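Chemist:
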Amino acid sequence: MSSESKLNISWEIKIVASMCIGYAMLMLCRTTVSVAGPAMLLDPDLQLDKATFGAILGWGTAGNLTGKLTNGVLADKIGGSKTFIFAIGMAAITTFIFGTLSTNSAFFALYFLTLFAKSAGWPSMANIIRVWFTHAKHGRIWGGISTSSRASSVATTLLLSSLLLVMSWRGLFFVAAIIALICAIILPKYLKSAWTDSEELSDESEQTMNMLSVWAKTHPLNGVETFGAILFFIKSPRFWLISLGVASLAVLFEFQVFIPIYLSETFNLMPAEAGLASSAFPLGCLVAVFTGGFVYDKLSKKNIMFVLGGMLVISISCLLSLRYLGSVEWGVQLELVLTIGLIFVFGFAISPAYYLPMSVFSIDFGGKHCGLLVGLIDALAYFGAMIFDFVGGAVANQDGGWQVFLSILIVTSVIATMTMIVFLYVDYVGSRSNQSPSRIQRSNEPHPTHTP
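Its first residue numbered 320, the sequence shown is counted upward by one per residue in this note's numbering.
(1) Using only the alpha-carbon positions, how far apart do Cys-339 and Glu-648 sit?
(2) Around the C-beta of Thr-414, are 16 or more other C-beta atoms found within 10 angstroms, so that it is buried, or is it exposed?
(3) Just to confirm the assignment, what range does the alpha helix (DSSP H) spanning Val-579 have?
(4) How many angstroms separate the CA atom of Asp-708 from the CA atom of Gly-377?
(5) How big is the Cα-Cα spacing for Ala-496 and Val-352?
(6) Please identify the residue among Leu-568, Ala-591, Thr-545, Ile-553 whose C-alpha is closest to the C-alpha of Leu-479.
(7) So, using beta-carbon positions, are Met-346 and Ser-471 closer together than 8 Å?
(8) Of all the options Asn-622, Ile-659, Phe-574, Ala-374, which has the alpha carbon lying nearest to the alpha carbon of Phe-586?
(9) With 8 Å set as the bound, which would you pick, yes or no: does the beta-carbon of Phe-558 sit closer than that to a beta-carbon of chain C?
(10) Would you report the Cα separation of Asp-746 and Ile-416, rounded to the nearest angstrom?
(11) When the Cα of Ile-669 is compared with those of Gly-720, Ser-726, Ile-328, Ser-567, which residue comes out closest?
(12) Where does Gly-657 sit, in a helix, a strand or coil, going by DSSP?
(13) To the nearest whole angstrom, what separates the beta carbons of Ser-438 and Ala-394, a pair I think is in contact under 8 Å?
(14) Measure the C-alpha to C-alpha separation of Val-719 and Ala-713 and round it to an integer number of angstroms.
(15) When you compare each of Val-335, Leu-638, Thr-385 to Trp-451 by their alpha carbons, which one comes out closest?
(16) Could you give the first and the last residue of the continuous alpha helix (DSSP H) run that contains Trp-441?
(17) For my contact list, Thr-738 and Gly-564 are in at a C-beta cut-off of 8 Å; report their separation, rounded to the angstrom.
(18) Specify the secondary structure class of Met-589 as computed by DSSP and reduced to three states.
(19) For Ala-607 and Pro-671, I'd like the C-alpha separation in whole angstroms.
(20) Just mark Ile-553 as buried or exposed, buried being the case when its beta carbon has 16 or more other beta carbons within 10 Å.
(21) Could you pull out every unbroken beta strand (DSSP E) segment of at least 3 residues lying fully inside the stretch 681-760, listed in chain order?
(22) Grouping DSSP H, G and I as helix and E and B as strand, with all else coil, what is Ser-521?
(23) I need the straight-line Cα distance from Gly-463 to Val-679, nearest angstrom please.
(24) Starting from Val-626 and walking both ways along the alpha helix (DSSP H), at which residues does that stretch end?
(25) Do you know how far the Cα of Phe-426 is from the Cα of Ser-465?
(26) Excluding the five sequence neighbours on either side, which residues of its own chain have a C-beta within less than 7 Å of the C-beta of Leu-367, listed in chain order?
(27) Look up Glu-544 in the DSSP assignment and say whether it is helix, strand or coil.
(28) Should Thr-545 be labelled buried (16 or more other beta-carbon atoms within 10 Å of its own) or exposed?
(29) Going by DSSP, what residue range makes up the alpha helix (DSSP H) through Tyr-430?
(30) Just the C-alpha distance for Trp-721 and Gly-703, rounded to the nearest angstrom, thanks.
(31) Measure the alpha-carbon distance for Ala-735 versus Leu-631 and round it to whole angstroms.
(32) Could you tell me the alpha carbon to alpha carbon distance between Trp-461 and Ala-381, rounded to whole angstroms?
(33) Quick check: the Cα distance between Leu-657 and Lys-396, rounded to an integer number of angstroms?
Below is the structure:
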């Protein structure tokens, strides 16, 4: 490998690593609430119940939804890197303040702001990837970032659950905030806005810049303003299909924040034990997306439809098993092991469909408005998740509520499976009958042998 190629790879690694670390900080700030949830419910000074905790999650999801509608446009206008770093700093500050609060209304407001900041992560990274990487690398880059997201979720769940053994729930928020703020201060040194900011450019870097420039100029949304791009998106059946599919999957992902309380109440676990056991979900996601990005780039659209569709069918089976697990007497310990195993497989089954199709599609279809497109899709997704937070918390708060809670998830998983299969089929048919210039370029680009 030439020295120029090494220089090119070095900068790509720095950019990917910076995005992974930064998004891990956003996940850290978000995960703190779910891990601290059981301890907050037991705190006599707070007087929280599951319905109120669900409302906290719902207000946070409302912040996520609001942020998706604004931060995507912001990232398109001022650049992904600046928006990304600002979001990390804001999330750190609001997380610290959350740890000092005691009233429900204050919890609602601060978690709203925390997830408002966190919502900038994916649209910002879409813009960073758009200006740094060619289409042939998008699947593996998103796979790497998704892997980092899931790895950070596992790591932060284990870290915070372990810390909960030796400190109060408030201490978790202070620790998470300090770590995130330190990263927000350091990251600007490594996370540059574009190739032109990466000091000395190699010939390979120049070639990458030229390829990205040609793709941007030939994209149908080049020269189109924000309102025109919105009209372009909402007229596309694929936009609505992917939005409904991701919204359904977002509801399934909200199960993650309820898992510690679900395990704690179902099996009488201590809060820290429930938090540790709940790491099975992000661990399953981690295993799936670790290889998913690399495989995604190599599969045809037809095969992607069959692979992801099959995995979503498995997710339905996992929820059905959780719903009816108690109908047969297995013994408490075996039921706990089976439950953790099913949660692991459930996370494994839904994560590739949640992360990869929308992420790759958004850059390809949205072009320079990819941040806006990601924001619109995610906003609709978090609207569904927000409704589920309020409804799910209220349902779980009733006697025998967890069974009804799981039934809601089962219905949602069926909708998600059907919608995503239809989207992938429409995308497959469209790619055969009417390839866009960006897809033609992508199919003609050689797949590099190295991975940043």
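Glycine residues also receive a C-beta, built at the ideal position from the N, C-alpha and C atoms.
Note that the structure is predicted; figures quoted are calculated from it, not measured.
Modeler: Straight from the coordinates:
(1) For Cys-339 and Glu-648, the distance between alpha carbons rounds to 43 Å.
(2) Burial call: buried.
(3) Val is not the amino acid found at residue 579; the sequence shown has Pro there. For Pro-579, the uninterrupted alpha helix (DSSP H) segment begins and ends at 556-586.
(4) The straight-line gap from Cα to Cα measures roughly 5 Å.
(5) Within the model, the alpha-carbon separation for Ala-496 versus Val-352 is close to 12 Å.
(6) That would be Ala-591, whose Cα lies nearest to the Cα of Leu-479.
(7) Going by C-beta atoms, Met-346 is nearer than 8 Å to Ser-471.
(8) When only C-alpha atoms are compared, the closest one is Ile-659.
(9) In the structure shown, chain C cannot be found, because there is only a single protein chain.
(10) Each residue's Cα considered, the two are about 44 Å apart.
(11) Taking only the C-alpha atoms, the option nearest Ile-669 is Ser-567.
(12) Reading off the sequence shown, one finds Leu at residue 657, where the question assumed Gly. DSSP, reduced to helix, strand and coil, places Leu-657 within a helical segment of the structure shown.
(13) Not really, about 11 Å apart at Cβ, beyond 8 Å.
(14) According to the sequence provided, residue 719 is Gly. The question's Val does not apply to it. Taking the straight line from one Cα to the other gives about 12 Å.
(15) Val-335 is the residue among Val-335, Leu-638, Thr-385 whose C-alpha sits nearest the C-alpha of Trp-451.
(16) Segment 440-451, the alpha helix (DSSP H) holding Trp-441.
(17) Beta-carbon to beta-carbon, Thr-738 and Gly-564 are separated by about 4 Å, close enough to satisfy the 8 Å threshold.
(18) When DSSP states are grouped into helix, strand and coil, Met-589 belongs to the coil group.
(19) Rounded to whole angstroms, Ala-607 to Pro-671 spans 7 Å at the Cα level.
(20) Exposed.
(21) Correct list: empty.
(22) With a pLDDT of only 49 at Ser-521, under the threshold of 50, the placement of this residue in the model should not be trusted; the figure read from the coordinates follows. Assignment of Ser-521 by DSSP, reduced to helix, strand and coil, places it in the coil class.
(23) Those two C-alpha atoms are separated by around 13 Å.
(24) Judged by DSSP secondary structure, Val-626 falls within the alpha helix (DSSP H) whose first and last residues are 620-643.
(25) The straight-line gap from Cα to Cα measures roughly 28 Å.
(26) The answer, listed in chain order, is Met-359, Leu-360.
(27) Coil, per DSSP.
(28) By the 10 Å Cβ count, Thr-545 comes out exposed.
(29) Residues 423-437.
(30) Rounded to the nearest whole angstrom, the CA to CA distance from Trp-721 to Gly-703 is 19 Å.
(31) Rounded to whole angstroms, the gap between the alpha carbons of Ala-735 and Leu-631 is 8 Å.
(32) Straight-line Cα distance between these residues: approximately 25 Å.
(33) Rounded to whole angstroms, Leu-657 to Lys-396 spans 48 Å at the Cα level.
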